[in-house]
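Chains as they are written, first to last, in our numbering: chain A, 3 to 286; chain B, 39 to 368.
Don't be surprised by glycine CBs; every beta carbon is placed ideally from N, CA and C.
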C-alpha cells in the first residue's frame, strides 16, 4: 500500500512565486523516505502540504489512500506525528506538562507513557518537572521528538530530527527512527544531514527549485554516479606507493607487482557529492 | 471536543497565571476600589455653587433661599472675584444676565441652568430629579462604569496580546495546526477565559463600589460587560495575529484606545457635543453599560443585533488570521 502518493503537485505563494513545479513521488507503507534539498527548494512547503498546514495546492495528493483534501479530519491528525525544524514547546511548562498537554488531544488508548518515552529518549530525569526554558537545545529536541511520537503515529514527518544533538544523541535518534520503521511506521524525513539520509532512508528524493531532480535508494544513486575507480595503497621494494585502477581490472586480481597491500579504497561518491552533481548546489 | 476545550482552557489559565495577568487584574481591582471609596467619592462631594443676585428693583419675587443677594454691581464683582466657582446674576435689566469669574461656553452651561433654576424654584428652569439615587450613589455608579470600561478596553485587550505574543514567540501556535482538534477551539478557549475574567471583575467592581444596591443592576451590567469583553478580546487576538511584535501592537493599541475611549468619554460625560458620535460603535456599548448601571437596560434589538453581528464578524476574521499564522515558517 502507498502511504503517500503525490502526482503533479504544484503550489504557489503568490502570482509570481511558484514554489513547487509538478512533483511526483510516492512513499510505501513502512518506508523511510528522505526529502533532501537546499534552503528554499520547496522541502518545507511540500511537508506543510502533506501535513495539512498549507491549503490550495494543485495536482493530486493522497495519504492513507485517500485524497488529502477530504482526509483532513481529526482522525487524520490522530494518525500523523510531526517533528518541526525547531523545538516548539511551552517554555513555562515542564517536559511532562508539555507532553501531557499535547497528548490530551489524542484518544487515551493510542498514547504512550510520557515518562517511559522520555526515558527512551535519554532525557535527564532531574529536568522532568523543570520548565522548558531551563533546557539545552538537545533536551528540547528530545521533548519535541517525544511529542511527535507520543500518539504512536502511523505516519511520521521529521524535519531535521538530529539538529541540535551531540553525536551520541544523533545516534540515539537514528536508533529510535529505525525502531519506528520496524514497528511499521512510515517516515517522511526532511533533512540537510546526508549521514542521516544515507543511514536511515530506503529512498531519497533530491529537490531543488521546486523540482525533484533525482529519486532512488542512496546506494543506487551513489553507484550510478560512481567513477568505478579503486585506489590501492601498497608497499613494493620497501617503498610505499599508491595506484588508481578501474574496478573491472580487479577481476583478474591486483594488476601490478607489490609486496604488501596497505589499503584498498573505492572512489564511490558520498550522497552529498551526488546531490551537488544533480543540483549544482550544496545543501547548506 | 469538550476534552480538547478543557485542555486548552487549563493551559491558557496556566499561561495567564505565569504571565501574572490575574495579579494585574487583582491589583487594578484593589486600586480602583481604594480610589472610588477613599478618593473619588470624597473629592466629588463638593459644596453647591454659591449664587449671587443683584436685583435693585426687586423684580425677582420667588427667589430660593440659597441665593445670596448683593446690593451693587461692584459687590457682585467682588463676590465673584473671591468665590471663583460662584455664579452671579445681574437682574438690573429686563432679563437676568448670568456672570462668571471664568467659564467656557459649553462646559459651564450646568452652572447657568442651576443659577437660573434658583430664581424661580417652581418654574420651567427647575431641574428634574431622575431616579432615586443619592448624589453619592450616582457618583459611585458613574465612576465604576467608567473604570470598568477602561479596564476592559485597555487591560483586557493588552492581556490577551501578552499571552498570545508569548505563544507566537515560542512557536507553539504552529504545533496546534497538526493536533487533532477543531482549530477554532484555540480561539474560543482564550476568548472564554477573558470573558469569564471580565465578568468576575465586573461583578466584584459592582459589589465593592456600588454595594449591595448594585446587585439589582448586576445582570444587565454583566450583559454589557460580556459584549464589550468579547469585542475587545477578539480585536486583541486579531491584532496579535496580524502584527509582528509587541512594539507594533502597542502602537495599534494606542490608536484603538484613543479611538475607542477618548471621544466616547467626552461625548458621554461632558457637555461636549459631537454630531458623529452616534456612528461610533463604542459609544453605544459604553452607553449600554452606563444605562445598565443606572437601572435602565438597553432594550433596542438593533443594538444587540449589531453587537452579535460584530462579534461573529470579528470571530471569523480572527479565525482566518489564526489559520494563516499556523502556516507560517518557523
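Item	Value
Please tell me whether residue 108(A) and residue 100(A) are closer than 8 Å, where the distance is taken between their beta carbons.	no
Closer than 7 Å between beta carbons: that is the criterion. Which residues of the stretch 268-285 of chain B meet it against chain A?	none
According to DSSP, is residue 148(B) part of a helix, a strand, or is it coil?	helix
Just list the residues that DSSP pairs residue 245(A) with in beta bridges.	234(A)
By the three-class DSSP mapping on this structure, what secondary structure does residue 9(A) have?	strand
Beta-carbon of residue 193(A) versus every beta-carbon of chain B: anything under 8 Å?	no
At a Cβ cut of 7 Å, what residues of the stretch 138-159 of chain A count as close to chain B, listed as they run along the chain?	none
Give a yes or no on whether 8 Å exceeds the smallest Cβ distance from residue 123(A) to chain B.	no
Do you know how far the Cα of residue 79(A) is from the Cα of residue 62(A)?	19 Å
Determine, using beta carbons only, whether residue 144(A) and residue 159(A) come nearer to each other than 8 Å.	no
Would a check of beta-carbon distances place residue 6(A) closer than 8 Å to chain B?	no
Since residue 108(A) meets chain B, which of its residues come closer than 8 Å, beta carbon to beta carbon?	218
Measure the C-alpha to C-alpha separation of residue 368(B) and residue 90(A) and round it to an integer number of angstroms.	Since pLDDT at residue 368(B) reaches only 48, below the 50 mark, its modelled position is unreliable, and no value is offered.
Who does residue 128(B) pair with in a DSSP beta bridge?	92(B) and 135(B)
Smallest Cα separation from residue 14(A): which of 47(A), 177(A), 41(A) and 133(A)?	47(A)
Does any residue of chain A have a CB that is nearer than 8 Å to the CB of residue 368(B)?	Because residue 368(B) carries a pLDDT of 48, less than 50, the predicted location of this residue cannot be relied on, and the following value inherits that uncertainty. Yes - at least one Cβ of chain A is within 8 Å of the one on residue 368(B).
Out of 261(A), 223(A), 54(A) and 135(A), state which residue places its alpha-carbon closest to the alpha-carbon of residue 205(A).	223(A)
Tell me the start and end of each unbroken beta strand (DSSP E) in the stretch 158-211 of chain A that is at least 3 residues and wholly inside, in chain order.	188-193 and 205-210
By a C-beta neighbour count over all protein chains shown, 10 Å radius and 16 as the cutoff for buried, is residue 326(B) buried or exposed?	buried
Starting from residue 184(B), trace the beta strand (DSSP E) in both directions and tell me its first and last residue.	Looking at the DSSP string, residue 184(B) is not in any beta strand (DSSP E); the run it does join, the alpha helix (DSSP H), is 173-188.
Please report the distance separating the alpha-carbon of residue 168(A) from that of residue 140(A).	7 Å
Report the neighbours of residue 197(B) on chain A: residues whose CB is nearer than 7 Å to its CB, in chain order.	Going along chain A, no residue has its Cβ under 7 Å from residue 197(B), so there is no contact; the nearest lies around 16 Å.
Identify the contact partners of residue 80(A) in chain B, using a Cβ-Cβ distance below 9 Å as the criterion.	218
Use the C-beta contact count for residue 240(A): other C-beta atoms within 10 angstroms, 16 or more gives buried, fewer gives exposed.	exposed
Consult DSSP for residue 296(B) and reduce its assignment to one of helix, strand or coil.	helix
Restricting to runs no shorter than 4 residues, where is the alpha helix (DSSP H) found entirely within the stretch 190-231 of chain B?	195-208 and 210-213
Let's see if you can read the secondary structure: which residues bound the alpha helix (DSSP H) around residue 112(B)?	111-120
Cα separation between residue 110(A) and residue 73(A)?	22 Å
If contacts are defined as beta-carbon pairs under 8 Å, then residue 280(B) and residue 359(B) qualify, I think. What distance do you get, rounded to the angstrom?	6 Å
What is the rounded straight-line gap between the Cα of residue 340(B) and the Cα of residue 149(B)?	36 Å
From residue 334(B) to residue 64(A), what does the alpha carbon distance come to, in whole angstroms?	60 Å
With 16 other CB atoms within 10 Å as the buried threshold, where does residue 172(B) fall?	exposed
Among the residues of its own chain, which have a CB less than 7 Å from the CB of residue 7(A), if the five just before and after it don't count?	28 and 64
Residues of chain B with CB under 7 Å from residue 92(A), in chain order?	208 and 210
Given a cut-off of 8 Å, decide if residue 37(A) and residue 45(A) are closer than it, judged by their beta-carbon atoms.	yes
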